[in-house]
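Number 231 marks the last residue of the sequence shown (my numbering); no jumps.
C-beta: ideal position from N, C-alpha, C; glycine also.
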Amino acid sequence: MARWTDHLILTTLIAVLVTACAGPTTALPTTVPERPSSTTIAVPATASPRAVPPTVTPMPTNKPEPTQELATESGSPAGWGPAQTREILALGLRFDLPESFQGLPSDLDGQMAYRSPDLPDVQVGVMWRDLEPPMEPEAALLPTPSRVLASDPIDTAWGSGRVITLELLGMADEGHEAPVVGVARHVLLVRTDVPGRRAVDFYLRVPGEKQLEAYAGLLDGMLESATFDED
């Protein structure tokens, strides 16, 4: 009986020593970690590139260049070239006209006319006549048939006279009024600085009153530039 007891005690001691030497045992986890479920990772949306407006090339407008006025400030029509001095030897007269105005041939003495090929309806000129009493300059030089629209006195270094505006009339049919075929302005002078009585007529003839005002500078330029040999 004592032998059995000693054996049991020895066995118990051995078991205690073994347990003490082995140390505490760590239990393996019995729970298997769950596999992470498939997660959709939010990818930040890439902002679409900002739309760049297309470059628009403006269409040419073909804006016309400003054109020249009908007349310059001095009254000479633009585009007719610089002034040139003209001479009438029979009168000893010199005056200026745009270079495009050309002298017209004439079989009549006592007159000289000029016209530009660009404006065949516009004519300027000079007429003259030595007056014998009782001849008056209007009857001697003004065109007929015509009707007086205005008449104003004028004084110059060469003599006195009148500025006369006329309607030029055509031939009238029987029983009808004569048609108006043009308008003219005449600067009619009687020279008193020379012996005798010499009438000199500077004139401008055009189709109508509108043109008369537009081209009045031609006549003004002739008078302003006019000189006689005796001057």
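{"Asked": "Residues that DSSP places opposite A150 in a beta bridge", "Found": "T165"}
{"Asked": "One or two residues paired with T85 in a DSSP bridge", "Found": "D96"}
{"Asked": "For H186: DSSP bridge partner residues", "Found": "I164 and Y203"}
{"Asked": "Per-residue burial, H176 [other beta carbons within 10 Å of its own, 16 or more giving buried]", "Found": "exposed"}
{"Asked": "G92 vs Q111 beta-carbon contact at 8 Å", "Found": "no"}
{"Asked": "Extent of the continuous beta strand (DSSP E) to which P120 belongs", "Found": "L119 to D130"}
{"Asked": "Inter-stretch contact at 8 Å, needing at least 3 Cβ pairs: the segment 195 to 215 / the segment 128 to 145", "Found": "yes"}
{"Asked": "Neighbour-count burial assignment, P137, 16 or more Cβ in a 10 Å radius", "Found": "buried"}
{"Asked": "Beta-carbon proximity check, R162 vs L188, cutoff 8 Å", "Found": "yes"}
{"Asked": "Under the three-state DSSP convention, the category D220 falls into", "Found": "helix"}
{"Asked": "Residue environment, P98, which counts as buried when at least 16 other CB atoms sit within 10 Å", "Found": "buried"}
{"Asked": "Closest residue to P145 among M135, P120, M171 and I154 (Cα-Cα distance)", "Found": "M171"}
{"Asked": "Residues near T192 by beta carbon distance below 8 Å, same chain, minus five either side", "Found": "W158, G159 and S160"}
{"Asked": "Among Q211, R94, R86 and V190, the one whose alpha carbon lies nearest that of F228", "Found": "R94"}
{"Asked": "Cβ-Cβ separation, L219 to R185 (assumed contact under 8 Å), whole Å", "Found": "6 Å"}
{"Asked": "Own chain, CB closer than 7 Å to I88, minus 5 neighbours either side, in chain order", "Found": "M112 and V126"}
{"Asked": "For P120 and L204, the rounded distance between their alpha carbons", "Found": "13 Å"}
{"Asked": "Boundaries (first-last residue) of the alpha helix (DSSP H) holding A140", "Found": "P137 to L141"}
{"Asked": "Selection from V183, T85 and P134 that minimises the alpha carbon distance to P143", "Found": "V183"}
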